[in-house]
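Trainee: First the structure, which I've put down as structure tokens, then a few questions once you've had a look.
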Amino acid sequence: MKILLITNLLAVSALLAFKSPDLPIIPGTSTTAGGYKLVWSDEFTEPGLPDSTKWGYEVGGNGWGNNELQYYTARRSENARIENGKLIIEARKEAWEGKNYTSARLVTKGKVEWKHGRIEALAKLPTGRGTWPAIWMLGSDISKVGWPRCGEIDIMEHVGFDEGVVHGTIHTEAYNHGKKTQKGQEVIVKNVGTDFHLYAIEWTADKIDFFVDNQKYYTVEKATLGSEIAQWPFEQPFFLILNMAVGGNWGGQKGVDENIWPQRMEVDYVRVYQ
Numbered sequence: 003m004k005i006l007l008i009t010n011l012l013a014v015s016a017l018l019a020f021k022s023p024d025l026p027i028i029p030g031t032s033t034t035a036g037g038y039k040l041v042w043s044d045e046f047t048e049p050g051l052p053d054s055t056k057w058g059y060e061v062g063g064n065g066w067g068n069n070e071l072q073y074y075t076a077r078r079s080e081n082a083r084i085e086n087g088k089l090i091i092e093a094r095k096e097a098w099e100g101k102n103y104t105s106a107r108l109v110t111k112g113k114v115e116w117k118h119g120r121i122e123a124l125a126k127l128p129t130g131r132g133t134w135p136a137i138w139m140l141g142s143d144i145s146k147v148g149w150p151r152c153g154e155i156d157i158m159e160h161v162g163f164d165e166g167v168v169h170g171t172i173h174t175e176a177y178n179h180g181k182k183t184q185k186g187q188e189v190i191v192k193n194v195g196t197d198f199h200l201y202a203i204e205w206t207a208d209k210i211d212f213f214v215d216n217q218k219y220y221t222v223e224k225a226t227l228g229s230e231i232a233q234w235p236f237e238q239p240f241f242l243i244l245n246m247a248v249g250g251n252w253g254g255q256k257g258v259d260e261n262i263w264p265q266r267m268e269v270d271y272v273r274v275y276q
């Protein structure tokens, strides 16, 4: 997910240059291959607001560096709640703090962060022009060094005007969307708005692999990008973010359909293995 830049760099929307072939669909069942063991999860079993021991909120309506249209709220069940065993992040068309849309942005920052491992989420995505859900991570030193030096891992991004095209991307000081040098790939995923799919990365000291439904579609390697921190800032803990933006430089590239709201991202679970 493109973020509120700590510097004055303005976000520049750019579609990725490569597209992976249509993947076979495999039920979203996690594995512990490669010796990974479950170290953290949220199964979203208790109805109500998200677990405050696991999730915090980032709040505001400043556009988040991308001219996004929503105001992110905190502890408001209309925008983030546990319902029928799923986390619901819902964007709504309503006036709030000077904005015309509300939504939620949940973060594990300051609660739990990870260095390396398999991070996965089983999710069903919203569709329609103007929707922009994301499952992603930022380096824990962002408050000190800013973006993009902190590093960013986009496990899943999807913009509604390009339904069924899922993006996996990394951003660093050397390679980022501000310079149009980010590293990533697209993959076609069928029925993103009606079926749950498993979005995951496996992150080691040397590379990050991207998966949909346990099928690897992209790998980014330290040996290719370089080992300097500006090139590979992924040797530190990162925190997880789940959010749904409305419009923005990328999500609103082809306008926002004002007649589709509310829209929601549903997450069955989030699991971290190391």
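Residues 3 to 276 (the numbering used here) are what the sequence shown spells out, left to right. By construction, the Cβ of each residue, glycine as well, lies at the ideal position given by its N, Cα and C atoms.
1. Considering only DSSP beta bridges, list what residue 57 is partnered with.
2. Excluding the 5 residues flanking residue 45 on each side, which residues of the same chain have their C-beta closer than 7 Å to its C-beta?
3. Taking its Cβ as the centre, do 16 or more other Cβ atoms sit within 10 Å of residue 208, making it buried, or is it exposed?
4. Can you give me the C-alpha to C-alpha distance between residue 69 and residue 235, rounded to a whole angstrom?
5. Measure the Cβ-Cβ separation of residue 73 and residue 99 and say whether it is below 7 Å.
6. Measure the alpha-carbon distance for residue 276 versus residue 97 and round it to whole angstroms.
7. Buried or exposed for residue 257, please, with buried defined as at least 16 other CB atoms from any protein chain shown within 10 angstroms of its CB.
8. Quick one: complete beta strand (DSSP E) runs, 3+ long, within the stretch 185-240?
9. Go through its chain and collect everything with a Cβ distance to residue 112's Cβ below 8 Å, but skip five positions before and after it.
10. When burial is assigned at 16 or more other CB atoms within 10 Å of the CB, is residue 204 buried or exposed?
11. Would you kindly work out how many angstroms separate the C-alpha atoms of residue 278 and residue 221, rounded to a whole number?
12. At the level of alpha carbons, what is the spacing between residue 109 and residue 243?
13. Can you give me the C-alpha to C-alpha distance between residue 252 and residue 160, rounded to a whole angstrom?
14. Report the partner residues of residue 79 according to the DSSP bridge assignment.
15. What residue range is occupied by the uninterrupted beta strand (DSSP E) comprising residue 272?
16. Which whole-angstrom value describes the C-beta separation of residue 127 and residue 267, a residue pair presumed to lie in contact below a C-beta threshold of 8 Å?
17. Hey, residue 246 and residue 105: beta-carbon distance below 7 Å or not?
18. Suppose you measure from the CA of residue 117 to the CA of residue 224; what does that come to, to the nearest Å?
19. If you draw a straight line from the C-alpha of residue 265 to the C-alpha of residue 141, how long is it?
20. Do you know how far the Cα of residue 49 is from the Cα of residue 229?
21. If I follow the unbroken alpha helix (DSSP H) through residue 146, where does it start and stop?
22. Under 7 Å, do residue 274 and residue 121 count as touching if we go by C-beta distance?
23. Of the choices 206, 101, 185 and 103, whose alpha-carbon is the least far from that of residue 150?
Mentor: Well, looking at it:
1. Residue mapping note: residue 57 aligns to position 55 of the sequence shown, counting from 1. Answer is none; residue 57 lacks a bridge partner.
2. Numbered from 1 along the sequence shown, position 43 holds the residue referred to as residue 45. Shown here for residue 45: same chain residues with a beta carbon closer than 7 Å to its own, the five before and five after excluded, namely 271 in chain order.
3. For the purposes of this step, residue 208 is taken as residue 206 along the sequence shown, with counting starting at 1. By the 10 Å Cβ count, residue 208 comes out exposed.
4. Reading the sequence shown from its first residue, position 67 is the one you call residue 69. Reading the sequence shown from its first residue, position 233 is the one you call residue 235. One C-alpha to the other measures close to 26 Å.
5. Taking the first residue of the sequence shown as position 1, residue 73 is located at position 71. Taking the first residue of the sequence shown as position 1, residue 99 is located at position 97. Yes, these two residues count as a Cβ contact at 7 Å.
6. On the sequence shown, position 274 is the one that residue 276 refers to. On the sequence shown, position 95 is the one that residue 97 refers to. Near 43 Å, if we compare the C-alpha coordinates of residue 97 and residue 276.
7. Your numbering for residue 257 matches position 255 in the sequence shown. By the 10 Å Cβ count, residue 257 comes out exposed.
8. 185-190, 199-205, 209-214 and 217-223, all fully within the stretch 185-240.
9. The sequence position of residue 112 within the sequence shown is 110, counting from 1. Cβ within range, chain order: 58 and 241.
10. In the sequence shown, the residue the question calls residue 204 occupies position 202. With 16 or more other Cβ atoms inside 10 Å of its own Cβ, residue 204 counts as buried.
11. No information on residue 278 is available, as it lies outside the stretch 3 to 276 that the chain covers here.
12. By one-based count along the sequence shown, residue 109 stands at place 107. By one-based count along the sequence shown, residue 243 stands at place 241. Just so you know, the alpha carbons of residue 109 and residue 243 end up roughly 5 Å apart.
13. Looking up residue 252 in the sequence shown gives position 250. Looking up residue 160 in the sequence shown gives position 158. So the alpha carbons of these two residues sit roughly 10 Å apart.
14. As a working note, residue 79 is residue 77 in the sequence shown. For residue 79, which the question treats as bridged, DSSP gives no partner whatsoever.
15. Within the sequence shown, residue 272 is the residue found at index 270, counting from 1. Membership of residue 272 in the beta strand (DSSP E) is indicated by the continuous run 265-275.
16. Locating residue 127 in the sequence shown gives position 125, counting from the first residue. Locating residue 267 in the sequence shown gives position 265, counting from the first residue. So it is a contact: roughly 6 Å between Cβ atoms.
17. As a first step, residue 246 must be located in the sequence shown, where it is residue number 244. As a first step, residue 105 must be located in the sequence shown, where it is residue number 103. In this structure, residue 105 lies closer than 7 Å to residue 246 by Cβ.
18. Counting from one through the sequence shown, the residue named residue 117 turns up at place 115. Counting from one through the sequence shown, the residue named residue 224 turns up at place 222. So the alpha carbons of these two residues sit roughly 15 Å apart.
19. The residue labelled residue 265 in the question sits at position 263 within the sequence shown. The residue labelled residue 141 in the question sits at position 139 within the sequence shown. Rounded to whole angstroms, the separation of the alpha carbons of residue 141 and residue 265 is 29 Å.
20. Taking the sequence shown and counting its residues from 1, one reaches residue 229 at position 227. Taking the sequence shown and counting its residues from 1, one reaches residue 49 at position 47. When the Cα atoms are used, residue 229 and residue 49 turn out to be separated by approximately 44 Å.
21. The sequence position of residue 146 within the sequence shown is 144, counting from 1. In the DSSP assignment, residue 146 falls within the unbroken alpha helix (DSSP H) covering 144-147.
22. The residue given as residue 274 occupies position 272 in the sequence shown. The residue given as residue 121 occupies position 119 in the sequence shown. Between residue 274 and residue 121, the C-beta spacing is below 7 Å.
23. Taking the first residue of the sequence shown as position 1, residue 150 is located at position 148. Ranking the options by Cα distance to residue 150, first place goes to 185.
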